[in-house]
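Report on one structure; see the data block that follows.
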Amino acid sequence: MDAYVEYSSEGEQWGDDDDDVEPDSILLGLVQTYEWNGTLERIASHPDECKAVGVQGRTPLHVACDHDAPAEVVAALVQAFPEASLMVGTSSMNPLHITCSSHHASVEVVQVLLQGGVDTQTSMRDIDGDTPLHAACRCGAPMETLRVLLEANPAVVHERDYEGLTPLLRLWVRCFVMLGDDVLDRFQGPSDLTGELGETWQKTELLLRCSHLGSLRGPTSPPSFPLSCQNGTVNSGLPFEDLPPNYTFRPVHAVAAVDCPRPVIKMATILYPKQLVELDEMGMTPLLIASKAPIYKVRDLSDEGFMLEDRVYGDSDTDSDHDMDDADRVDSGQPSVLDILVTADPSAARIEGRFGSCRGRLPLHLAVATGKPWNEGIKSILAAYPEAISRIDPLTGLYPFQQAAASDRPECSVIFELLKKDPSLAILSPSNGPSRHSLAFLDDKVTDVPMTMTYQESQQRVI
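Residues 1 to 463 in UniProt numbering are what the sequence shown lists, from first letter to last.
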């Protein structure tokens with residue numbers, strides 16, 4: 001029998017159906033009826049019965065995990081038939097999926113199952129595209145279960161299910177379904193972190209730590225956001241440098257870097273306001289990080305957008321690029337990440353990067369360089385620090401409006417709005433401003449646009 005076996009996929013759910021028990025499998029019957037002592041005795045005397053498969057494609061190991069069997073029983077089943085750890089049934093769930101799909105998932109059982117092949121088990125997907133970590137976040141498994149999964153395979157924190165959701169996003173789907181999608185509208189501070197919300201936040205910090213640092217133990221070679229996002233339409237080829245070994249985890253810096261629900265970003269700024277203007281070991285504030293990071297798609301995580309049960313299979317998001325595209329930018333109804341950070345502390349718009357390619361660069365320079373739209377934070381940054389409009393980007397030697405014009409995908413609205421803020425920048429002499437080449441380039445692009453024109457009129461004249 002192959003190690004990875006997929007049986008009929010008719011969407012049947014795990015349950016206590018007696019049809020799972022084959023008439024000639026006493027072991028399956030013992031497991032189905034929670035007879036754990038008898039199960040251990042039967043495994044010892046008839047180990048071949050561990051290979052029995054019920055009508056839903058479930059081996060005794062699958063049924064034992066579904067019935068919250070003790071770790072001792074699970075260990076005996078795995079030892080007798082290790083291949084069962086990688087087998088799947090009608091819902092494409094392996095035993096690790098099943099164990100993690102419980103709000104009281106046993107850490108000991110998870111550890112036993114992981115002995116059968118960490119990378120394969122933790123990366124396998126069920127009928128919804130969930131990894132075991134997704135399942136744990138979806139079903140409210142204990143925090144220690146999430147910790148064990150992340151320690152076993154940190155990379156899975158970036159995996160997306162068929163809805164396009166990471167484990168972190170799936171965690172907040174559960175929270176919004178359980179507590180209401182307006183739960184964070186009422187959030188005031190640490191005193192509100194009780195019950196389900198408090199537990200969700202603890203898990204959030206755990207997932208953020210792994211997402212941002214690359215592991216729970218500290219920085220590893222992966223950058224601050226997945227490589228698949230670095231060449232997206234929004235992030236113009238400006239990946240983060242690898243984090244240094246002494247990098248300290250800061251929640252606000254982390255939410256600025258990874259794909260995170262925007263209400264949760266606001267929540268982080270309320271919990272850790274001092275971090276908004278704090279430079280990390282890379283010489284970056286959260287606003288600088290967010291200015292450089294991609295714009296992730298805004299997804300409906302409310303109970304209207306998702307349900308824990310009765311979900312329609314097959315209605316999936318298969319896009320490989322999870323950055324926001326032009327269609328997504330049409331008024332999502334939520335403030336941008338940059339808007340949230342600037343509103344929380346406007347003074348962050350004045351703070352420059354300290355090291356590497358970001359040295360001396362303002363949030364405005366980075367936001368323009370990475371193709372952020374006018375209403376996705378550039379407007380807010382300029383409102384907080386108007387003088388930034390005349391600050392030359394030290395990397396390119398260009399004013400912000402020239403940066404926008406020189407972009408691979410220039411946005412007319414950004415060029416127009418930036419130049420309109422200070423038209424005199426277009427006629428500075430080379431000795432006082434950018435090079436003749438930069439000004440000549442600009443002359444061809446936008447200097448013939450009267451500042452009194454509307455944006456719609458200017459679009460017809462700006463190349």
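Beta carbons: idealized from backbone N, C-alpha and C, even for Gly.
{"Item": "Contact check, L149 vs T122 under 8 Å by CB: the rounded distance?", "Value": "6 Å"}
{"Item": "Note the first and the last residue of the continuous alpha helix (DSSP H) segment covering R174.", "Value": "P167 to L179"}
{"Item": "A388 and A349: beta carbons closer than 9 Å?", "Value": "yes"}
{"Item": "Out of S25, P263, K203 and H67, state which residue places its alpha-carbon closest to the alpha-carbon of C50.", "Value": "S25"}
{"Item": "Can you look up G214 in the DSSP assignment and give me helix, strand or coil?", "Value": "coil"}
{"Item": "Are there 16 or more other CB atoms within 10 angstroms of the CB of D48, so buried, or fewer, so exposed?", "Value": "exposed"}
{"Item": "Apart from the five residues just before and just after residue 471, which ones in its own chain have a Cβ nearer than 7 Å to its Cβ?", "Value": "The chain is shown from 1 up to 463; residue 471 falls before or after that span and cannot be answered."}
{"Item": "If you draw a straight line from the alpha carbon of T131 to that of E159, how long is it in whole angstroms?", "Value": "8 Å"}
{"Item": "Measure the beta-carbon distance from F249 to H212 and round it to whole angstroms, keeping in mind my assumption that it falls under 8 Å.", "Value": "7 Å"}
{"Item": "Among C412, A256, V31 and E41, which has the Cα closest to the Cα of S59?", "Value": "Note that residue 59 is Thr in the sequence shown here, rather than Ser. Among C412, A256, V31 and E41, the Cα nearest to that of T59 is on V31."}
{"Item": "Assign H365 to buried or exposed, taking buried as 16 or more other Cβ atoms, counted over all protein chains shown, within 10 Å of its Cβ.", "Value": "buried"}
{"Item": "Restricting to Cα atoms, I'd like to know which of A52, D182, I98 and E376 is closest to A69.", "Value": "I98"}
{"Item": "Compute the Euclidean distance between the alpha carbons of P335 and D182, then round it to the nearest angstrom.", "Value": "15 Å"}
{"Item": "Among the residues of its own chain, which have a CB less than 7 Å from the CB of L395, if the five just before and after it don't count?", "Value": "S357 and R361"}
{"Item": "By the three-class DSSP mapping on this structure, what secondary structure does R299 have?", "Value": "coil"}
{"Item": "Hey, which unbroken runs of the alpha helix (DSSP H) at 4 residues or more fall wholly within the stretch 114 to 154?", "Value": "118 to 123, 132 to 139 and 143 to 152"}
{"Item": "Answer yes or no: do G129 and T90 have a C-beta to C-beta separation smaller than 9 Å?", "Value": "no"}
{"Item": "Given this structure, state the Cα-to-Cα distance separating D368 from L179, to the nearest angstrom.", "Value": "Per the sequence shown, the amino acid found at residue 368 is Val instead of Asp. Approximately 38 Å, taken between the alpha carbons."}
{"Item": "Whose C-beta lies closer than 7 Å to the C-beta of E352 among residues of the same chain, with five residues either side of it excluded?", "Value": "G360, R361 and L362"}
{"Item": "Just reading off the alpha helix (DSSP H) that R262 is part of, what are its end residues?", "Value": "R262 to L271"}
{"Item": "Roughly how many whole angstroms lie between the Cα atoms of P167 and S85?", "Value": "22 Å"}
{"Item": "Sort A44, W172 and S101 by Cα distance to H62 and report the nearest one.", "Value": "S101"}
{"Item": "Taking the C-alpha atoms as reference points, what is the distance between E72 and Q275?", "Value": "46 Å"}
{"Item": "Note down, in chain order, each residue of its chain lying with its Cβ closer than 8 Å to the Cβ of S390, except the 5 sequence neighbours on either side.", "Value": "Y399, D422 and L425"}
{"Item": "If you count every other CB in all the chains shown that lies within 10 Å of the CB of N37, and 16 or more means buried, which is it?", "Value": "exposed"}
{"Item": "Entirely within the stretch 332 to 391 and at least 4 residues each: give me those alpha helix (DSSP H) ranges in chain order.", "Value": "337 to 344, 363 to 369 and 378 to 384"}
{"Item": "If the criterion is Cβ atoms closer than 9 Å, does the pair C65 and L114 meet it?", "Value": "no"}
{"Item": "Sort W172, A80 and T120 by Cα distance to A136 and report the nearest one.", "Value": "W172"}
{"Item": "Determine the DSSP secondary structure at S85, reduced to helix, strand or coil.", "Value": "helix"}
{"Item": "Can you tell me the Cα-Cα spacing of A76 and D259, whole angstroms?", "Value": "40 Å"}
{"Item": "Would you mind stating whether L206 and L301 have Cβ atoms separated by less than 9 Å?", "Value": "no"}
{"Item": "Let me confirm a value: H103 is counted as buried when at least 16 other C-beta atoms fall within 10 Å, else exposed. Which label applies?", "Value": "exposed"}
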